[in-house]
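Input: a single structure, listed below in structure tokens.
Numbering (the numbering used here), first residue to last: 69 to 397.
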């Protein structure tokens, strides 16, 4: 696949007929003709800024939304919820990459009060109605705004909202509380050290120290998804086999210690006190509106702005940053 197309700011068109995702093509490469989606029926803020008065909109189709990770999706759905708050009669259809992980796609079905219909690519261009508002946000990780704006602000701007005028309370993922209510039965601390990439995850060599610190501070059992030999630590990975169970585990915790991961965004939805350590993305781009979150950045210009990497030298560099941080913690 041509690298310029794979990093295109938007979706792709296959044989001039079907809308496809660059993400899907990683898993299902094809030899046929690929072009950039460029239709008069489809808005794309990476190509031209626009705003939409959603009070007057009946049907909205989001093409290639709202990302291929759980955290991005939770935030993207918050942006869609803002539209529903403006117009509770609007019908929202989201067209998703078909090869996205099930645990990510599942979160869209939890948002059934916000999203009216979910479909998957390839999606026929002929099925894009001229009577609907159609917005393409495909491949957003390569968009300039994605790397410069806080994520709620990015998604809101991308779908045509004036993000600067939106109340900050709308930028805290509180839709999760209604979709998956809390049911607190016991008190525990939750440790979520893993992100979707090693670059943003907490190395295992520090897990015991963190668990010890958490137990000594709170005197509560520490649950988690990482590895630790502490006597008061319980690995709950086997108890969280679905997206809903994972979210419930976070929602019912008393305190969260995590890295730049989906757990951060889930906890914000329930106002769970949170500590989050960032390695390569500045906290203000992720936790700016999370007023019950303490964020620490340990990175540097060498890795700043990187979303992922398997480069051994960079991973080793970040591991040394963690060592320095925990030596002084």
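All C-beta atoms in this analysis are idealised placements derived from N, C-alpha and C, irrespective of residue type, glycine included.
Less than 8 Å between the C-beta atoms of residue 139 and residue 329, yes or no?
Against the chain shown, residue 139 aligns to sequence position 71. Against the chain shown, residue 329 aligns to sequence position 261. Yes, Cβ-Cβ distance for residue 139 and residue 329 is below 8 Å.
Just curious, the beta strand (DSSP E) that residue 363 is in, first and last residue?
Taking the first residue of the chain shown as 1, we reach residue 363 at position 295. First-last of the beta strand (DSSP E) with residue 363: 361-365.
Residues bridged to residue 93 by DSSP?
As a first step, residue 93 is located in the chain shown; it is residue number 25 there, counting from the start. DSSP output for residue 93 lists no bridge partner at all.
Just to confirm the assignment, what range does the alpha helix (DSSP H) spanning residue 138 have?
Taking the chain shown and counting its residues from 1, the one referred to as residue 138 is at position 70. Element bounds for residue 138: 138-154.
In chain order, what residues of the same chain lie with their CB nearer than 8 Å to the CB of residue 389, ignoring the 5 residues before and after it?
Translated into the one-based positions of the chain shown, residue 389 becomes position 321. Same-chain partners within the cutoff: 347, 366, 367 and 368.
Taking DSSP's pairing of strands, which residues face residue 257 in a bridge?
Counting from 1 along the chain shown, the entry for residue 257 is found at position 189. Its beta-bridge partners are 290 and 323.
Nearest-angstrom Cα separation, counted from residue 225 out to residue 351:
For the purposes of this step, residue 351 is taken as residue 283 along the chain shown, with counting starting at 1. For the purposes of this step, residue 225 is taken as residue 157 along the chain shown, with counting starting at 1. If you take the alpha carbons of residue 351 and residue 225, they lie about 19 Å apart.
Nearest-angstrom Cα distance between residue 172 and residue 166?
The residue given as residue 172 occupies position 104 in the chain shown. The residue given as residue 166 occupies position 98 in the chain shown. If I take the Cα positions, the gap works out to 11 Å.
Measure the beta-carbon distance from residue 87 to residue 198 and round it to whole angstroms, keeping in mind my assumption that it falls under 8 Å.
One-based indexing of the chain shown puts residue 87 at position 19. One-based indexing of the chain shown puts residue 198 at position 130. That pair is no contact at about 15 Å.
Given a threshold of 16 other Cβ atoms within 10 Å of its Cβ, counted over all protein chains shown, does residue 364 qualify as buried or as exposed?
The count along the chain shown starts at 1 and reaches residue 364 at position 296. By the neighbour-count rule (16 or more Cβ atoms within 10 Å), residue 364 is not buried but exposed.
Go through its chain and collect everything with a Cβ distance to residue 122's Cβ below 6 Å, but skip five positions before and after it.
Taking the chain shown and counting its residues from 1, the one referred to as residue 122 is at position 54. Only 151, 154 and 155 meet the Cβ criterion.
Count the other CB atoms, across all protein chains shown, that sit within 10 Å of the CB of residue 391; report buried if there are 16 or more and exposed otherwise.
Here residue 391 refers to the residue found at position 323 of the chain shown. Residue 391 is exposed by the Cβ-count criterion.
Count the other C-beta atoms from every protein chain shown that fall within 10 angstroms of the C-beta of residue 231, then say buried if there are 16 or more, exposed otherwise.
Residue numbering aside, residue 231 sits at position 163 when the chain shown is read from its first letter. It is buried - the Cβ of residue 231 has at least 16 other Cβ atoms within 10 Å.
CB residue 289 to CB residue 262, shorter than 8 Å?
As a first step, residue 289 is located in the chain shown; it is residue number 221 there, counting from the start. As a first step, residue 262 is located in the chain shown; it is residue number 194 there, counting from the start. No.
Tell whether a beta-carbon distance below 8 Å holds between residue 80 and residue 105.
As a working note, residue 80 is residue 12 in the chain shown. As a working note, residue 105 is residue 37 in the chain shown. Contact flag set, yes.
By a C-beta neighbour count over all protein chains shown, 10 Å radius and 16 as the cutoff for buried, is residue 76 buried or exposed?
As a first step, residue 76 must be located in the chain shown, where it is residue number 8. Residue 76 comes out buried.
How many whole angstroms separate the CB atoms of residue 278 and residue 325, which I take to be in contact at a CB cut-off of 8 Å?
Counting from one through the chain shown, the residue named residue 278 turns up at place 210. Counting from one through the chain shown, the residue named residue 325 turns up at place 257. Right, the Cβ-Cβ distance comes to about 6 Å (below 8 Å), so this counts as a contact.
Considering only residues of the same chain and omitting the five flanking positions on each side of residue 185, which have a CB-CB separation below 6 Å?
Sequence index remark: in the chain shown, residue 185 carries index 117 (1-based). Excluding positions up to five away in sequence, the list reads 161.
Is the CB-CB distance between residue 89 and residue 117 below 8 Å?
Taking the first residue of the chain shown as 1, we reach residue 89 at position 21. Taking the first residue of the chain shown as 1, we reach residue 117 at position 49. Taking 8 Å as the Cβ cut-off, residue 89 and residue 117 do not qualify as a contacting pair.
Between which residues of its own chain and residue 386 is the CB-CB distance below 7 Å, once the five residues before and five after are set aside?
Position 318 of the chain shown, counting from 1, holds the residue named residue 386. Hits under 7 Å: 267, 347 and 371.
Please return the same chain residues whose Cβ sits closer than 6 Å to the Cβ of residue 71, not counting the five positions on each side in sequence.
Working through the chain shown from its first residue, we reach residue 71 at position 3. Caution applies to residue 71, whose pLDDT of 48 falls short of 50 and renders its modelled position unreliable; the value that the coordinates give is listed next. Contacts found: none.
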